[in-house]
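To start, the structure under review is shown below, and the notes come after it.
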Amino acid sequence: MTYPVDISIRPDVEAFFDPATNTISYIVKEPGSDVCAIVDSVMDIDYAAGRITYDSADRLIARVQERGLELEWILETHVHADHLSAAPYIQQKLGGKIGIGSKITVVQETFGKIFNEGTEFQRDGSQFDALFEDGDTFAIGGMNAFAMHTPGHTPACMVYVIGDAAFVGDTLFMPDGGSARADFPGGDAGQLYDSIQKVLALPDETRLFMCHDYGPNGRDIQWETTVADEKAHNIHVGGGKTREEFVKFRTERDAQLAVPSLIIPSLQVNMRAGEVPRDKDGNPMMKVPVNGL
Ligand SMILES: [Fe+2]
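Numbering-wise, the UniProt record's numbering puts 260 at position 260 of the sequence shown, and it's gapless, one number per residue.
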């Protein structure tokens, strides 16, 4: 696949860090216009209380309004397992189309079974406005962007490349954070390595924007690096690590990782494009599959 890379376009990127889930959301604006996209928004949940709130999303919405921007896209890099998406809430307030990778159907199939969803839960991705295939292009105002399919962490992971800025989701972390786990259902460490190589094949000066940062070894939270920096310094894949080395390391590491604390509500909401599931009477309600994950 040859991707339509154009690093002469330098979109304006504003980052928003959510300390509750260590997620970074972005507003990406076309230079010279007021058109923008939002990448990986967060809906707040107090899982113990079953309470959903919108402080993080309201912060994004307020910023879009304050800057007088027009929102065209609400992009999801993947079905996140550690935070809930606020895409429909934002869409209701600001408009825009919700987009995700076309392999969402695989994720919906897998978790539709695990959560024993009925036939009313569509497994065809129809909850989203756009399903991207590898190499699909789309526009944010007059700015061309494309989607790159990067499976491994999940089957539906996409990296969105907008001019010289790539939103890498959970393919890569900052160089000292390495890479994301590949042990969720449908994950694959070898595929993740191959996907990371696709990202690292972008021009060296491409700006990479992370979906998560955990501030390893006590450093401050960071979210932006470059292809050159990741190639040279990424602790899991940098310096020419082989696929075999990566798969061995990743598999051993994943076996020791705890399940993300918000995986159960996150999957149920995010596989529905951010909508909270409802019971037969129409009340917002979630399930816990006992020993089912
Ligand atoms: Fe993730």
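Positions of the beta carbon are idealized from the N, C-alpha and C atoms, including for glycine.
Those residues which DSSP pairs with residue i across a bridge
i    : result
N144 : A139
T119 : Partner(s): none; T119 has no beta bridge.
D44  : T53
S179 : L172
H153 : DSSP output for H153 lists no bridge partner at all.
For residue j and residue i, the rounded distance between their alpha carbons
i           : j    : result
V290        : K103 : 26 angstroms
G186        : D194 : 15 angstroms
G215        : D34  : 33 angstroms
Y54         : A87  : 11 angstroms
S56         : S85  : 10 angstroms
V13         : Y26  : 7 angstroms
I9          : A37  : 15 angstroms
S266        : L293 : 13 angstroms
E117        : P31  : 43 angstroms
T119        : E109 : 11 angstroms
G238        : M43  : 33 angstroms
A255        : H149 : 25 angstroms
A165        : F128 : 24 angstroms
residue 297 : T226 : Residue 297 lies beyond the stretch modelled for the chain, which goes from 1 to 293, so this question has no answer here.
K231        : E205 : 11 angstroms
M1          : D136 : 11 angstroms
N217        : G282 : 46 angstroms
N- and C-terminal bounds of the alpha helix (DSSP H) containing residue i
i    : result
A189 : 189-200
F246 : 243-254
A87  : 87-94
F111 : 104-114
I7   : Taken as a continuous stretch (DSSP letters only), I7 belongs to no alpha helix (DSSP H), as it is neither H nor E.
Beta strand (DSSP E) segment containing residue i, residue limits
i    : result
F17  : 12-18
S25  : 23-29
A228 : Element bounds for A228: not the beta strand (DSSP E) but the alpha helix (DSSP H), 227-233.
I61  : I61 -> not in any beta strand (DSSP E); alpha helix (DSSP H) instead, spanning 55-66.
L71  : 70-75
L293 : It is not in any beta strand (DSSP E) - L293 carries neither H nor E in the DSSP assignment.
L208 : 207-209
V161 : 158-162
A166 : 165-167
G101 : 97-101
Assigned secondary structure, residue i (DSSP; H/G/I helix, E/B strand, else coil)
i           : result
residue 304 : For residue 304 there is no data in the structure shown, the boundaries of the chain being 1 and 293.
I221        : coil
S126        : coil
A49         : helix
L84         : strand
P277        : coil
P284        : strand
V35         : strand
L267        : helix
Residue i vs residue j beta-carbon contact at 8 angstroms
i           : j    : result
F16         : R67  : no
A81         : P260 : yes
G96         : I74  : yes
residue 329 : V28  : It is not possible to answer for residue 329, since the shown part of the chain is limited to 1 through 293.
I24         : C211 : yes
A132        : M158 : Here residue 132 turns out to be Phe, not Ala, going by the sequence shown. Contact: yes.
I162        : M174 : no
V107        : P155 : yes
H262        : H83  : At residue 262 the sequence reads Leu, which differs from the His that was named. Yes.
Chain D within 8 angstroms of residue i, Cβ atoms only
i   : result
T77 : Absent from the structure is chain D; it holds one protein chain and no more.
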